[in-house]
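Colleague: This structure is in structure tokens; I'll ask about it shortly.
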């Protein structure tokens with residue numbers, strides 16, 4: 002069962018193993034720098050579905066079914082699935098997973114969802130509430146654009162600070178047996194709101210949340226950035242990543258030596274015309290569940306911090322003049 | 002730490018105590034049959050806020066702050082808050098709670114949220130992942146109407162099967178110490194979809210999910226309906242409640258002796274013109290956190306099943322011709 006370390010951090014006492022994971026993406030992501038690492042890449046971003054929302058549901062279902070297939074598991078072998086996404090009422094998760102008959106706990110953490118679902122699954126596994134759990138999330142460029150911004154047919158101009166929602170999904174299988182990759186610590190994030198209102202600059206809105214959680218983790222565990230191979234945020238992009246480094250620097254925490262961001266890694270920022278980088282729940286999910294997990298298994302990484310960040314606004318709140326509250330959840334993941 | 006009982010049910014091993022709870026409502030609810038039991042009733046459903054969404058956020062914040070005040074707790078005394086609601090991207094929770102600086106795990110279970118948040122909090126408490134946790138949710142008639150159906154100014158006709166979204170919030174404080182009211186068992190629901198498409202008949206869509214979870218609980222625990230004082234669903238309303246009884250009857254489970262539904266209890270169905278009854282996350286939340294908790298504390302109830310139900314569709318999914326997947330989570334709550 003988890004032990005509380007400091008104010009915000011949980012230490013897993015048993016082996017909470019990330020047994021296996023699957024990261025899947027759309028066409029543009031497969032053409033980016035990490036293209037070769039994804040487990041499945043769809044050339045047709047509609048996945049043969051009649052709508053973008055149904056395509057996103059299909060992404061999430063594909064990720065979960067592929068994960069179970071690779072591990073020779075039936076639906077009934079999974080005790081609980083933690084899932085969430087960006088769409089109103091989380092319909093990519095609920096419609097994508099409705100036929101699986103797996104006990105379901107819907108999560109909402111915006112783009113922090115991959116860390117939140119793994120965190121929750123870890124507590125359930127570590128405590129014995131579940132023997133085997135799946136954590137999954139997704140995003141889709143076209144469903145997100147028309148829900149949060151404008152219909153893609155409109156062809157609106159994008160600001161330099163804007164990020165490109167990743168079409169992708171990541172699913173991770175967690176269990177208690179010994180394995181190669183484990184969740185060791187988890188820090189639950191708090192909502193931060195420094196009153197950034199620019200919905201085209203999510204990185205700036207989310208950077209303070211990432212800084213808060215990272216600071217809390219280092220304080221709780223009495224560790225420092227160089228104790229880790231990699232400090233990896235979810236989708237701060239170019240603007241938010243720079244801000245995160247600056248905020249932490251002011252607190253005398255220098256992460257510049259071993260820091261990266263999934264939103265900076267998944268696309269070639271110049272060549273793929275994505276402005277400030279990738280975003281969306283599927284960004285950190287697909288990068289973590291494919292590239293990062295493979296690096297861990299191959300011993301190229303051994304001790305990392307995975308800090309997925311989420312912007313907790315809606316189009317309605319922005320239209321009502323509100324700022325953008327944000328959150329970040331952190332996982333310390335190690336190679337055994 | 003929780004013990005798995007059967008396939009779907011968790012047994013809490015330590016004392017998981019619902020230490021205290023607060024149920025707050027709007028004007029119409031305060032005029033209903035349970036009016037005298039609510040902890041706070043607002044006469045102004047806008048709570049002095051400039052929008053319905055901000056009013057709903059204020060409801061949720063009021064419930065949480067009142068709960069902490071009554072228990073002489075500071076924000077820093079709460080290890081984690083589990084919160085969710087019906088609005089797109091769960092903005093009543095995120096905006097309502099953003100200033101509290103409490104570690105936050107957003108949940109999405111539609112109207113099953115009160116059971117889901119207490120369930121998740123119970124696992125965290127029982128396992129030691131949290132010493133003290135809050136579970137909270139809300140709904141608001143006016144924010145729900147304009148988001149899910151039509152602007153209230155339109156004055157659309159309501160069908161006889163339609164339900165009335167409760168303006169209300171419920172918040173519960175959980176900890177591990179001995180107390181009067183405990184969470185003993187919890188059953189995680191599965192998504193059910195019997196292809197009901199009528200968005201004006203949520204009760205029919207949700208009844209199969211409630212039946213599935215109740216059936217799983219009785220099977221896992223080898224108990225029967227008459228072992229409990231009350232089997233209480235969240236917001237099935239008149240149509241859904243009848244269907245639930247019929248579905249379970251076909252499986253030789255007769256709940257007719259001790260069954261009720263928060264949606265049937267909170268309003269005078271005829272006198273208050275609410276057609277099939279109350280609905281919304283705030284329905285089961287306000288009824289459970291005020292009336293039911295008071296009945297438990299006063300020994301009028303001693304052993305109940307609380308089964309909150311959620312319809313997991315969105316306006317977008319309905320517009321695309323989709324049916325309504327549903328879920329129900331169950332808690333067995335006892336008076337010590």
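Protein chains in written order, with our numbering: chain A, 2 to 337; chain B, 2 to 337.
Just so you know, even glycine gets a beta-carbon here, dropped at the ideal spot from N, CA and C.
In this text the structure is predicted, and so the values were computed from the model without any measurement.
(1) Alpha carbons only, please: which of B:122, B:329, B:103 is nearest the one belonging to residue 130 (chain B)?
(2) According to the neighbour-count rule (16 or more other Cβ atoms, all chains shown, within 10 Å of its Cβ), is residue 272 (chain A) buried or exposed?
(3) Given a cut-off of 7 Å on the beta-carbon distance, is the pair residue 82 (chain A) and residue 105 (chain A) in contact?
(4) Please state whether DSSP places residue 10 (chain A) in a helix, a strand or coil.
(5) Which class does residue 260 (chain A) belong to by DSSP, given the choice of helix, strand or coil?
(6) Anyone know if the C-beta pair for residue 310 (chain A) and residue 205 (chain A) falls short of 7 Å?
(7) Check for me: the alpha helix (DSSP H) holding residue 92 (chain A) runs from which residue to which?
(8) Would you mind working out which of B:246, B:269, B:264 sits nearest residue 258 (chain B), comparing C-alpha positions?
(9) Just to confirm before moving on: does the CB-CB distance between residue 335 (chain B) and residue 304 (chain B) stay below 7 Å?
(10) List in chain order: all unbroken beta strand (DSSP E) runs of 3+ residues lying wholly within the stretch 204-258 of chain A.
(11) Taking only beta-carbon atoms, is residue 57 (chain A) less than 7 Å away from chain B?
(12) Anything in chain A within Cβ reach of residue 124 (chain B), meaning under 8 Å, just list it in chain order.
(13) Are the Cβ atoms of residue 60 (chain A) and residue 170 (chain A) separated by less than 7 Å?
(14) Which residues in the same chain as residue 219 (chain A) place their Cβ atom closer than 7 Å to its Cβ, once the five residues preceding and following it in sequence are excluded?
(15) How big is the Cα-Cα spacing for residue 236 (chain B) and residue 244 (chain B)?
(16) I'd like the list of long-range same chain contacts for residue 124 (chain B), defined as Cβ closer than 6 Å, with 5 residues on each side in sequence excluded.
(17) Along chain B, in chain order, which residues have C-beta atoms closer than 7 Å to that of residue 103 (chain A)?
(18) Check whether the Cβ of residue 10 (chain A) lies closer than 7 Å to any Cβ atom in chain B.
(19) Roughly how many angstroms separate the alpha carbons of residue 203 (chain B) and residue 321 (chain B), rounded to a whole number?
(20) Residue 176 (chain A) lies in the beta strand (DSSP E); which residues open and close that run?
(21) Measuring only between beta-carbons, confirm whether residue 107 (chain A) sits less than 7 Å from chain B.
(22) Shorter than 7 Å from the beta carbon of residue 99 (chain B) to some beta carbon of chain A?
(23) Under the assumption that residue 100 (chain A) contacts residue 317 (chain B) (Cβ atoms under 8 Å), give the Cβ distance between them as a whole number of angstroms.
(24) Hey, out of A:85, A:196, A:327, whose CA is closest to residue 214 (chain A)'s CA?
(25) Taking residue 321 (chain A) as the query, report the chain B residues whose CB atoms sit under 9 Å from its CB, ordered along the chain.
(26) Just the Cα atoms here: how many angstroms apart are residue 145 (chain A) and residue 189 (chain A)?
(27) Leaving out the 5 sequence neighbours to the left and right, which residues in its chain are closer than 7 Å to residue 118 (chain B) when beta-carbon positions are compared?
(28) Tell me the residue span of the beta strand (DSSP E) that contains residue 105 (chain B).
(29) Taking 7 Å as the CB-CB limit, is residue 178 (chain B) close to chain A?
(30) What residues from the stretch 201-230 of chain A come within 8 Å of chain B, judged by C-beta to C-beta, listed N to C?
(31) Does residue 262 (chain A) pass the burial test, meaning 16 or more other C-beta atoms within 10 Å, or should it be called exposed?
(32) Is residue 208 (chain B) closer than 7 Å to residue 175 (chain B) when the C-beta atoms are compared?
(33) From residue 330 (chain B) to residue 277 (chain B), what does the alpha carbon distance come to, in whole angstroms?
(34) Using a Cβ cut-off of 7 Å, pull out every chain A residue sitting near residue 95 (chain B), in sequence order please.
(35) Determine, using beta carbons only, whether residue 221 (chain A) and residue 6 (chain A) come nearer to each other than 7 Å.
(36) Would you say the stretch 288-307 of chain A touches the stretch 180-194 of chain A, given that touching needs at least three Cβ pairs under 8 Å?
Modeller: Let me lay it out:
(1) B:122
(2) exposed
(3) yes
(4) strand
(5) strand
(6) no
(7) 92-98
(8) B:246
(9) yes
(10) 231-234
(11) no
(12) 124, 125, 128, 130
(13) yes
(14) 225, 254
(15) 13 Å
(16) 3
(17) 191
(18) no
(19) 17 Å
(20) 169-176
(21) yes
(22) yes
(23) Not quite, the Cβ-Cβ distance comes to about 19 Å (not below 8 Å), so this is no contact.
(24) A:327
(25) 51, 52, 54, 55
(26) 26 Å
(27) 83, 84, 85, 108, 136, 137, 138
(28) 105-107
(29) no
(30) none
(31) buried
(32) no
(33) 22 Å
(34) 192, 313, 326
(35) yes
(36) yes
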